[in-house]
Amino acid sequence: MPTSTSFTELYTEVQQFYARQMRQLDERKLEAYAETFTEDAEFGHTPGREPARTRAGIAADLHEFHKRFENDPVQRRHWFNMIDLEPQDDGSIRSTCYALVITTRPGGKPDIAPSCVVRDVIVRGADGGLLLRSRKVEHDQLF
Amino acid sequence: MPTSTSFTELYTEVQQFYARQMRQLDERKLEAYAETFTEDAEFGHTPGREPARTRAGIAADLHEFHKRFENDPVQRRHWFNMIDLEPQDDGSIRSTCYALVITTRPGGKPDIAPSCVVRDVIVRGADGGLLLRSRKVEHDQLF
Amino acid sequence: MPTSTSFTELYTEVQQFYARQMRQLDERKLEAYAETFTEDAEFGHTPGREPARTRAGIAADLHEFHKRFENDPVQRRHWFNMIDLEPQDDGSIRSTCYALVITTRPGGKPDIAPSCVVRDVIVRGADGGLLLRSRKVEHDQLF
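Chains as they are written, first to last, in numbering that gives the first Met the number 0: chain A, 0 to 142; chain B, 0 to 142; chain C, 0 to 142.
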């Protein structure tokens, strides 16, 4: 059956949420990025690396992860697309989407890797806005 | 003039439809992918190759096409974006969008090719959901 | 708080606007592309190059810019994604999005560069449709 108004509004809201959230990460606003998760959230961004837990843990993990770029100036861009939303009975929303990480160094051409599938569980926070309860990133080169 | 509510809902519905449809293809759920077409649909995905016709024909054609990957493990991802919808007087919808095929092999970096333009004719099925009456894929490297 | 209906409609309208606008540019319909700007608009697409001003100036600048492709057959595709909209008090809309330029030559694979951030100011024209009052494109390789 045709899409409902509420699904339409949710779908747009998720697109807008991802756009702002991932630009915060790409601009190294790591605390702002961590605040897009619930307090008790879990975030697994790299296979083989233990998922980060809680907002403070996510921010700490990202500061640690970004140390690799201290002597390697890069501009990263996270592209999310092909968003498939499945609202759940408990009010949460399962979101599955594709992601590409686009990395540019001064004077260079973009390096586009990895290709990923992102699996999010989204909930509403106290102010009615969206928050991630969990995010799991799967990498296509590992199979 | 500003976008109407019905166009907004349709636009979102098409984005959600493409996300799920193309993940089905990328996960090799070829029968499920074929079921996103009408029974009498036409699907031309490769220039110089005869378009597949009917759901059964589309599924058979895709099984044949995917044999090339039997000894070549790949994870493909179809990205659709820049969707331009034109509702028609007969109730069908013309959709023109850009597509990239992203192919990753174990341990490797994504190979991104080809760049395409996809031309769909979308209709509503008996249950009110979207179906493709036709899909034609044009490849940018051929001109 | 959750997204409003008017924001949802605007977000979809901007996606549809970008899809058609950028395909016009990619198909070298330069006058049609220029008409997506206001009469007094400013468009800076390349760092170090003076921004073009007015519709006529934008069309002239693009004709000049495209001369580089006269003896170099290319099919370009502009991908816009990760759209972040901020409606302003004066009725205009700030749009920040990511962009990739995908260039394919006959028989070749896509060349994907540059990666950009696009900063638009969008307004409504006399007929209620969207127009760009300004567009500034920042290139990721320059930092």
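Note that beta-carbon positions come from the ideal geometry of N, C-alpha and C, so glycine has one too.
Below 8 Å, too few C-beta pairs join the stretch 112-119 of chain B and the stretch 116-127 of chain A to call them touching: fewer than three.
Counted as a single uninterrupted DSSP element, the alpha helix (DSSP H) harbouring A33(C) occupies residues L29 to A33.
Close CB contacts of I101(B) within its chain, under the 6 Å cut and outside five residues either way in sequence, are with R76, P109 and I111 (chain order). The alpha-carbon of F42(B) is positioned some 6 Å away from that of K135(B). Of all residues in the stretch 101-134 of chain A, only I101, T102, T103, R104, P105, G106, G107, K108, P109, I111, R123, D126, G127, G128 and L129 place a beta-carbon less than 9 Å from a beta-carbon of chain C.
Taking one beta carbon from each stretch, the stretch 33-42 of chain C and the stretch 3-15 of chain C have fewer than 3 pairs nearer than 8 Å; the two do not touch. Taken in chain order, the members of the stretch 65-97 of chain A whose beta-carbon sits within less than 8 Å of a beta-carbon on chain B are N80, M81, I82, D83, L84, T95, C96 and Y97. The Cβ atoms of Q74(B) and P113(B) lie no closer than 8 Å to each other. Here the C-alpha atom of R48(C) lies approximately 21 Å from the C-alpha atom of T103(A).
Fewer than three Cβ pairs drawn from the stretch 86-97 of chain A and the stretch 61-74 of chain A lie within less than 8 Å of each other, which leaves the two stretches out of contact. The Cβ atoms of A18(B) and M81(A) sit closer than 8 Å to each other. Interface residue (Cβ-Cβ distance to chain C less than 8 Å): T11(A) is classified as such. Taking CB atoms only, Y32(A) has no neighbour in chain C less than 8 Å away. For T53(B), no Cβ of chain C is located within less than 8 Å of the residue's own Cβ. By the neighbour-count criterion, in which 16 or more other beta carbons inside 10 Å mark a residue as buried, A125(A) falls on the exposed side.
When secondary structure is reduced to three states using DSSP, L9(B) falls in the helix class. Closest in alpha carbon position to L61(A), among T45(A), P72(A) and D71(A), is T45(A).
Per DSSP, the unbroken beta strand (DSSP E) holding E41(A) starts and ends at F36 to G43. In this structure, P50(A) lies away from F142(C), with their beta-carbon atoms at least 8 Å apart. According to the DSSP assignment, D60(B) belongs to no beta strand (DSSP E) but to the alpha helix (DSSP H) extending over R54 to H65.
Nearest C-alpha to S133(B) among E8(B), E63(B), D25(B) and D39(B): D39(B). A direct Cα-to-Cα measurement between G107(B) and H138(A) gives close to 11 Å. Against T37(C), chain B offers no close residue; the least beta-carbon distance is about 17 Å (beta-carbon pairs closer than 7 Å). Distance from the CA atom of E63(B) to the CA atom of D71(B), rounded to whole angstroms, is 15 Å. Between the beta-carbon of L129(B) and that of R123(B) there is about 7 Å, and that keeps the pair under the 8 Å contact cut. T4(C) is a Cβ neighbour of E8(A), given a cutoff of 8 Å.
Between the alpha carbons of Q23(C) and D88(C) lies a gap of roughly 30 Å. Taking the Cα positions, A58(A) is about 23 Å away from D83(C). Each residue's CA atom was taken as its position, placing F79(B) and A98(B) some 4 Å apart. When DSSP states are grouped into helix, strand and coil, F79(B) belongs to the strand group. Residues of chain B whose Cβ lies closer than 8 Å to the Cβ of T4(A) are, in chain order, T4 and E8. E26(A) and F6(B) have their C-alpha atoms spaced approximately 34 Å apart.
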